[in-house]
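S.K.:
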Amino acid sequence: MARLAQEFIARGADLELVGIRKEFPGFTAIENLDLHIPAGEFFALLGPSGCGKTTTLRLVAGLDEPTKGKILIGGKDVTATKPHERPVNTVFQSYALFPHMSVLENVAFGLKQRKIEDPMTKAVAALELVELGHLAQRRPQQLSGGQQQRVALARALVNRPSLLLLDEPLGALDLKLRRQMQIELKAIQMEVGLTFLHVTHDQEEAMDMADTVAVMNKGRIEQMGAPEKLYDRPHTVFVSKFLGQSNLFVGEVAESNGTSISINVSGNKITVPTERAEKHTGTIAVGVRPEKANFHEVEPSVQPGVNLIGPGEIIDIRFTGVSNQYLIEVPGVGEVTVFAQNVGKSPVTELGAKVWVSWKVEHTFGLSDLPANSATESISVI
Amino acid sequence: MAFAAFGHGGGGGAAAPATPTKKSKVALFLLLPGLIYLGLFFMTPLISLIITSLEVPDGSGVMGSYAYGFAIENYGKVVTEFWPQISHSFGYALIATVAALLISYPLAYFIGVKARRFPLIQGLMLTLVIAPFFISFLLRTFAWKQIFSNDSVAVQFLQQVGILGPHDYLVGTPFMVIFGLTYNFIPFMTLPLYSILERLDIRLLEAGSDLYATPATTFRKITLPLTAPGIISGTLLTFIPIAGDYVNASGDFLGGTKTAMIGNVVESRFLVLNDYPTASALSVLLMGVILLLVGFYAKRSGTEDLL
Chain A
361 MARLAQEFIA
371 RGADLELVGI
381 RKEFPGFTAI
391 ENLDLHIPAG
401 EFFALLGPSG
411 CGKTTTLRLV
421 AGLDEPTKGK
431 ILIGGKDVTA
441 TKPHERPVNT
451 VFQSYALFPH
461 MSVLENVAFG
471 LKQRKIEDPM
481 TKAVAALELV
491 ELGHLAQRRP
501 QQLSGGQQQR
511 VALARALVNR
521 PSLLLLDEPL
531 GALDLKLRRQ
541 MQIELKAIQM
551 EVGLTFLHVT
561 HDQEEAMDMA
571 DTVAVMNKGR
581 IEQMGAPEKL
591 YDRPHTVFVS
601 KFLGQSNLFV
611 GEVAESNGTS
621 ISINVSGNKI
631 TVPTERAEKH
641 TGTIAVGVRP
651 EKANFHEVEP
661 SVQPGVNLIG
671 PGEIIDIRFT
681 GVSNQYLIEV
691 PGVGEVTVFA
701 QNVGKSPVTE
711 LGAKVWVSWK
721 VEHTFGLSDL
731 PANSATESIS
741 VI
Chain B
21 MAFAAFGHGG
31 GGGAAAPATP
41 TKKSKVALFL
51 LLPGLIYLGL
61 FFMTPLISLI
71 ITSLEVPDGS
81 GVMGSYAYGF
91 AIENYGKVVT
101 EFWPQISHSF
111 GYALIATVAA
121 LLISYPLAYF
131 IGVKARRFPL
141 IQGLMLTLVI
151 APFFISFLLR
161 TFAWKQIFSN
171 DSVAVQFLQQ
181 VGILGPHDYL
191 VGTPFMVIFG
201 LTYNFIPFMT
211 LPLYSILERL
221 DIRLLEAGSD
231 LYATPATTFR
241 KITLPLTAPG
251 IISGTLLTFI
261 PIAGDYVNAS
271 GDFLGGTKTA
281 MIGNVVESRF
291 LVLNDYPTAS
301 ALSVLLMGVI
311 LLLVGFYAKR
321 SGTEDLL
């Protein structure tokens, strides 16, 4: 197992997409995509269904042809090559295991096609890497979903591709198994050092596993970066909604000095550091993550460096185990969500309580665009 | 032989409901209409056919008058006497089945796989495959005879370009009979192939190409094994009726005296010469050989459970 993993190291290649456009009859799946994934990186393409992420993956695998643009793997232009000529393997969403072959034959398939020596021994080793050596002679349909997923992974990994494509491979698994597979997948990637391109709509999965996350929307990449950066500093409404939850406030810029700008939302002043805002004039949207906000039953004194709005009323409390989620209706501002961890006794657990919401200015972020219905809103999308 | 094979099967069927449970009595009751039907309309004629096949002339000299006997030698006689017709039957059936498969597979692949995204084209093409059934197959076969008759444009053209000699014709040749058989049974091959190709998971083919298999290898290693059940049912649905066919090979249609198949002999022995034992022996023989071939084929294909 360790030996097999050793053989993979430093075999990953970088992937470059240059000016990719993909049109299907009647719609454009990808508008204009430029992307560079360094060798050995775990890269996640995150987006809702229909955003073009699976199309991107299929273009890289060669299963579809781009209308325009170039695809380079390891510096080599592969745009015109057929899928079987590309040094790329895919773990399909449906796994696509061959039902008429045993698990072992499935895993050995790619090796046999390339006339690699001793395919069976290597296939057995790959099955052991995913801890399925004992099921080698079974048919895929006799395995559970999680086991099939691991067979699909072994079938792709055994070929030592320069680039491994993962098309929502964990989507069909239940939550617990998915968590376990996420950990295993990440461990295998670290061990073998391959370049992984992982397509998913699960933001938690993307943040948890990837070195770099690209959030895709409507055929474009909205924002790209390390998961922590994306979460801390979303640039657009879409990213702030899709990656975690956000409370967004829209207002006219009322004050501006060298280090911060303030907007006025129905008489409430909300301040954001200038370097954390994408737009500095006119009507802008600013936001804060629900777990960064606190609420108070007694009106706190106004302090510099703290945004304070209220009073409002708690209109909903949801218990989620590790935290309580409070929905607070603030007149003139809208609904604000606050997460409070269940440490000891929760601060307030009563519906209808009158509260003020505060958070640090440094946790506020300013967006480049406005929410679709320009009214102030709190968006909770998971 | 055929009788033995059938008898075994029948015995197995009768043994199952014999288990003394309440459930089995209900099952037997539900099976009863089917069993009565099979007994009346399949077993009785079959036994009668076998008895007839063993009869001998009753010595009265009257045509069509035979007495009960146990003349096993009837079978030996028909095999030696009608060997050419027997070999025609199975030879033509084999060639026509393979030809129908070679024509139907690409057709069914196109309708079931390539046209999947265009339901209108798919429906239209399926209708076209079935459309010939709207006209009696006798009429259609006769139409082919007209198209390829000795003074037809088609034959004249073939003679002129030298494919046919100046005194060669098509009607009455094995080629014409096999052509007719292939034509008439293509829908029986296409439909089972279509029904399995229509369900073929394209993602498996993509996985094949993703795993370095060329399109040809993907076809051989993935498409073909996955559609084998369709190929098997298609070939059985064509081979069995073709082996017993007597229309295409008859002199009235596309054949001649040199192309006669078992069906043509059975027809003339039964209906013209009233030679019932010979006709019956040939019929039983045909059935037995087909049963053997099909059993062997299904076993070799390893897909008994798919039939």
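First to last, the sequence lines map onto chains A and B.
Oh and the first sequence: position 278 is 638 in this note's numbering, straight run, nothing missing.
Oh and the second sequence: position 32 is 52 in this note's numbering, straight run, nothing missing.
Ideal Cβ positions, reconstructed from N, Cα and C, are used throughout, including at glycine.
Source: prediction; values computed, not measured.
For A:Glu659, which residues from the same chain have a beta carbon less than 8 Å from its beta carbon, with the 5 sequence-adjacent residues on both sides left out?
M.R.: Gly670, Pro671 and Trp716
S.K.: Nearest-angstrom Cα distance between B:Gly31 and B:Ala301?
M.R.: Unreliable positioning characterises B:Gly31 in this predicted model, as indicated by a pLDDT of 38, which lies under 50. The coordinate reading is nonetheless provided below. Going from the Cα of B:Gly31 to the Cα of B:Ala301 covers about 24 Å.
S.K.: Does any residue of chain B have a CB that is nearer than 8 Å to the CB of A:Thr414?
M.R.: no
S.K.: Using a Cβ cut-off of 8 Å (strictly closer), state whether A:Leu423 contacts chain B.
M.R.: yes
S.K.: Which residues of chain A have a Cβ atom closer than 7 Å to the Cβ of B:Tyr232, listed in chain order?
M.R.: For B:Tyr232, the chain A residues whose C-beta falls within less than 7 Å of its own C-beta are His444, Gly470, Gln473 and Arg474, listed in chain order.
S.K.: Return no unless some Cβ of chain A is closer than 8 Å to the Cβ of B:Ala135.
M.R.: Proximity of B:Ala135 to chain A, defined by a Cβ-Cβ separation below 8 Å, is not satisfied.
S.K.: Taking A:Met567 as part of the alpha helix (DSSP H), name the residues at either end of that continuous run.
M.R.: In the DSSP annotation of this structure, the continuous segment of the alpha helix (DSSP H) that includes A:Met567 starts and ends at Gln563 to Met569.
S.K.: If A:Val597 sits next to A:Asp729, beta carbons under 8 Å apart, how far is it from one beta carbon to the other, in whole angstroms?
M.R.: 5 Å
S.K.: Would you say A:Gln497 and A:Leu464 are within 8 Å of each other, going by their C-beta atoms?
M.R.: Going by C-beta atoms, A:Gln497 is nearer than 8 Å to A:Leu464.
S.K.: Starting from A:Arg678 and walking both ways along the beta strand (DSSP E), at which residues does that stretch end?
M.R.: Val666 to Phe679
S.K.: Which word fits B:Arg219, buried or exposed, when buried means at least 16 other C-beta atoms lie within 10 angstroms of its C-beta?
M.R.: exposed
S.K.: Put B:Pro77 into one of helix, strand or coil per three-state DSSP.
M.R.: strand
S.K.: For A:Phe458, go through chain B and note every residue whose CB falls closer than 9 Å to its CB, in chain order.
M.R.: Leu224, Ala227, Gly228, Lys241, Ile242, Pro245 and Leu246
S.K.: Can you grab the Cα-Cα spacing for the pair A:Leu423 / A:Leu524, in whole Å?
M.R.: 14 Å
S.K.: Closest by CA to A:Ala586, which one among A:Lys442, A:Phe403 and A:Thr388?
M.R.: A:Phe403
S.K.: Assuming contact is defined by CB atoms lying nearer than 8 Å, are A:Asp394 and A:Gly379 in contact in what I supplied?
M.R.: yes
S.K.: Can you give me the start and stop residues for the alpha helix (DSSP H) that A:Gln542 sits inside?
M.R.: It spans Leu535 to Val552 - the alpha helix (DSSP H) in which A:Gln542 sits, taken as one unbroken run.
S.K.: Using DSSP bridges, identify the partner residues of A:His656.
M.R.: A:Trp716
S.K.: Quick check on B:His187: does DSSP put it in helix, strand or coil?
M.R.: coil
S.K.: Please report the Cβ distance between A:Leu727 and A:Pro594, rounded to the nearest whole angstrom; I am assuming they are in contact, meaning their Cβ atoms lie under 8 Å.
M.R.: With 8 Å as the limit, A:Leu727 and A:Pro594 qualify as a contact, their Cβ atoms being about 7 Å apart.
S.K.: Straight-line CA distance for B:Glu226 to B:Thr237?
M.R.: 12 Å
S.K.: What would DSSP say about B:Met63, mapped onto helix, strand or coil?
M.R.: helix
S.K.: Would you kindly check if the distance between the Cβ of A:Leu419 and the Cβ of A:Lys442 is under 8 Å?
M.R.: no
S.K.: According to the neighbour-count rule (16 or more other Cβ atoms, all chains shown, within 10 Å of its Cβ), is A:His494 buried or exposed?
M.R.: exposed
S.K.: Would you mind giving the Cβ-Cβ distance between B:Ile310 and B:Thr117, rounded to the nearest angstrom? I have them listed as a contact below 8 Å.
M.R.: Incorrect: roughly 12 Å between the Cβ atoms, too far for contact.
S.K.: Is the CB-CB distance between A:Pro500 and A:Pro459 below 8 Å?
M.R.: Going by beta carbons, A:Pro500 and A:Pro459 fall inside the 8 Å limit.
S.K.: Determine the chain A residues that contact B:Thr193 at a beta-carbon separation under 8 Å, and present them in chain order.
M.R.: By Cβ distance, chain A contributes nothing, its closest Cβ being about 42 Å from B:Thr193, past 8 Å.
S.K.: Among A:Ala456, A:Leu489, A:Glu528 and A:Asn466, whose alpha-carbon lies nearest the alpha-carbon of A:Val552?
M.R.: A:Leu489
S.K.: Which chain B residues are close to A:Phe387, counting only those with a beta carbon under 7 Å from its beta carbon?
M.R.: Within chain B, no residue comes near A:Phe387; the closest Cβ sits about 15 Å away, beyond 7 Å.
S.K.: On the criterion of 16 or more Cβ atoms from any shown chain inside 10 Å, does B:Gln105 qualify as buried, or is it exposed?
M.R.: buried
S.K.: DSSP three-state call for B:Ala151: helix, strand or coil?
M.R.: helix
S.K.: For chain A, check one thing: does any of its Cβ atoms lie closer than 8 Å to the Cβ of B:Thr72?
M.R.: no
S.K.: 8 Å is my cut-off, CB to CB: does B:Thr258 come that close to chain A?
M.R.: Using a CB distance cut-off of 8 Å, B:Thr258 does not count as an interface residue toward chain A.
S.K.: What's the gap between the Cα of A:Ile674 and the Cα of A:Tyr686?
M.R.: 7 Å
S.K.: Tell me whether the beta-carbon of A:Leu530 lies closer than 8 Å to the beta-carbon of A:Arg538.
M.R.: yes
S.K.: Pick helix, strand or coil for A:Val721, following the three-state DSSP scheme.
M.R.: helix
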